[in-house]
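Quick note: this note's numbering has the sequence shown finishing at residue 501, numbered continuously throughout.
Think of the CB as a built atom: it goes at the ideal place given N, C-alpha and C, for glycine as much as any other residue.
Keep in mind it's a predicted model, so treat the numbers as computed, not measured.
Structure first, commentary second.
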Amino acid sequence: MYEPLSAVLASVDLLQAILANVEQHELRATAPLVCRGFAAALASPGACWRQLSVDGLLQDPPLEDAADAHLFWARLAAWVAPRAAGMRTLRLTNLRYLLLPLGQAGRHAALAAVWSALSPPVGLHTLELGRSSITLAPGTVASLGCLTALRRLCLHTSGPVDTAELDALADSLPQLEALSICLLRRRGQHSVFRGPFPGRLTRLRRLRTLHLEAPYGPIHGATCVLPDSIAEWGRQMEELHLINLGLERIPPSIGKLGSLRELLLGRNRLGAQLDALPQELTQLTALTLLELQYNGFEAGAPAVVGELTSLQGLNLGGNLWGSAAADLPREFSQLTQLRHLTLTNTELTVLPPVVCGLSRLELLRLNINQLQTLPGGPYLRSLKTLDLSHNRFAAGYPAALAGATHLQLIAFQFRGTHYSDPVVALREAMAPQAAAAPAPAHAGPLAVAAAVVLPPELLPGEAMAMED
């Protein structure tokens, strides 16, 4: 009767496939103690170690001093080495709790030992160093170059980071398909990329996603210049995110990225020059998302953006042009596919007429402006989410929104009350009319709402009755 169990325990591959469903913390700490079969299976590479996650918050007991930290990292490197052959993904999160007791040199040595254990012929494809508010030692990023099979590298850490280290990565990781370096804010420290744009990244022939982001705050050092050599990415590049890098101009060679779907350029300085966005931008016929928030476009939105007819999402928030431009450029009327539009904090006093004609909008952010009312128009037809918070609607809920029959979520404030349900907001806005024409004494809230002639779509009970 024990033959099936014995067969399972005798098959390392089968046992590893089963154990792959167990939480990794239990796999490392408890499962090897169950029996010799478990211990043997877990000591070799296989399905259960295809993805490895180490979270500093789960470290028990916490690392109190440098001796504890050195011992932890030495044991981790020794533990990884015999299991590394089948490992494809490694996630190290909350590194602050694992590296803080060590000095700069100690942190570099600790991580380098793990990279060494994972070096070829190991085929690690994905490495994520997440949410570490501790500054990595100089050279740590470049040391990742020994992982030559990497395809995806994601690093969230405090800066600064020298861009020369990113150039070194480009020379060492020819298989890289996605690179994300996001610097986190740290008090009293300039968390920035130091040096010019890492131009050698343009030599990566498989790179499809590039995300470089510094935290919000003043830019220190020289302005970053995006090189013409980005054309070398050609049609392989799909997502280009360059956030808060100090860019003042996008080169015309951007037009060579024919497969680009996302272009995120928030918090740069593109409003400093009239030709910061070249006409070649219109060659990006696959582009569906463009973010240009907080770029200093104070004279108005760039007209060339209106010619990107494939756009479905556009963020122009934080560009204070409202007092200088009453409307968006007429080219914006061509954005017939636009579904998400953000005009947060643009000093708007009225809704731009061009926006009123965008009939496919599903999400519209108009918060932190000076709007007093809203007009009707085609933009209400498909609208599902609307943010009107922090405006000046002294007369209350805009009556025109009765025509937004698909509206599901709203952010609106009036006389100290915050509304998220558009049905409730509209009913309360019409309450004075309901009082002037009271419903019968036995009438419920739906009858009162009906007395102010709301569309059936805003009365769920009646709408269902109509469908029946």
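For this session: Would you mind working out which of Q84, Q367 and L349 sits nearest N54, comparing C-alpha positions?
Result: Q84
Problem set entry | Cβ-heavy atom distance, A332 to the ligand PLP, below 6 Å | For the structure depicted, the ligand PLP is absent and the ligand set is empty, with no information on it obtainable.
Problem set entry | Sequence-distant residues of its chain with Cβ nearer than 6 Å to T315 (five each side left out) | E340
Exercise. On the premise that G409 lies in contact with E380, defined as a C-beta separation below 8 Å, what is that separation, rounded to the nearest angstrom?
Worked result: About 23 Å separates the two Cβ atoms, so there is no contact after all.
For this session: Determine the DSSP secondary structure at Q137, reduced to helix, strand or coil.
Result: helix
Exercise. Quick one, are the C-beta atoms of L240 and H274 less than 7 Å apart?
Worked result: no
Problem set entry | Expected contact under 8 Å - CB spacing of R294 and E324 to nearest Å | Contact doesn't hold; Cβ gap of about 13 Å is too wide.
For this session: Could you please give the first and the last residue of the uninterrupted alpha helix (DSSP H) stretch that includes T196?
Result: T196 to S205
Problem set entry | Residue interval of the alpha helix (DSSP H) (run including I401) | No alpha helix (DSSP H) holds I401; DSSP gives it neither H nor E.
Exercise. For A180, which option in T122, L66, N127 and L60 has the closest C-alpha, if you only look at C-alpha atoms?
Worked result: One point to set straight first is that residue 180 is Leu, not Ala, in the sequence displayed. Comparing Cα-Cα distances from L180 to each of T122, L66, N127 and L60, the minimum goes to T122.
For this session: Work out the CA separation of P134 and E97 for me, nearest whole Å.
Result: 7 Å
Exercise. Which runs of the beta strand (DSSP E), 3 residues or longer, sit entirely within the segment 316-397?
Worked result: 322-324, 346-348 and 373-375
For this session: Taking 7 Å as the cut-off, decide whether the C-beta atoms of R236 and E210 are in contact.
Result: no
Exercise. DSSP state of G232, grouped into three classes?
Worked result: helix
For this session: Flag this pair as touching only if the segment 214-231 and the segment 283-291 have three or more C-beta atom pairs under 8 Å; answer yes or no.
Result: no
Exercise. Among L317, V225 and V87, which has the Cα closest to the Cα of P62?
Worked result: Contrary to the premise, residue 62 reads as Ala rather than Pro in this sequence. That would be V87, whose Cα lies nearest to the Cα of A62.
For this session: Tell me, to the nearest whole angstrom, how far the beta carbon of H439 is from that of L416; I am working on the premise that it is less than 8 Å.
Result: 6 Å
Exercise. For A175, which residues from the same chain have a beta carbon less than 6 Å from its beta carbon, with the 5 sequence-adjacent residues on both sides left out?
Worked result: E198 and A201
Exercise. Within 10 angstroms of its Cβ, does T318 collect 16 or more other Cβ (buried), or is it exposed?
Worked result: exposed
Exercise. Is the beta carbon of L131 less than 7 Å from the beta carbon of G163?
Worked result: no
For this session: Out of A107, E265 and P153, point me to the one whose CA is closest to A117's CA.
Result: P153
Exercise. Buried or exposed: where does Y327 fall if 16 or more other Cβ atoms within 10 Å of its Cβ makes it buried?
Worked result: buried
Problem set entry | Candidates S224, S213, L259 and S262, of which the one nearest T242 by Cα | S213
Problem set entry | Outcome for C389 when other beta-carbon atoms lying within 10 angstroms are tallied against a minimum of 16 | buried
Problem set entry | Nearest-angstrom beta carbon gap, T382 and N400 [assumed within contact, 8 Å] | Actually they are not in contact, since the Cβ atoms of N400 and T382 sit about 14 Å apart, beyond 8 Å.
For this session: Have a look at G172 and T196 and give me their C-alpha separation to the nearest angstrom.
Result: 11 Å
Exercise. Ends of the beta strand (DSSP E) at V87?
Worked result: Q84 to D88
Problem set entry | Paired residues, beta bridge with I214 - DSSP | L188 and L245
Exercise. For Q49, is the classification buried or exposed, using 16 other Cβ atoms within 10 angstroms of its Cβ as the cut-off for buried?
Worked result: buried
For this session: Below 8 Å on the Cβ atoms is my guess for V387 versus R363; work out the distance and round it to an integer in Å.
Result: 7 Å
Exercise. Should R302 and E281 be called a contact, given that it needs their Cβ atoms to be closer than 7 Å?
Worked result: yes
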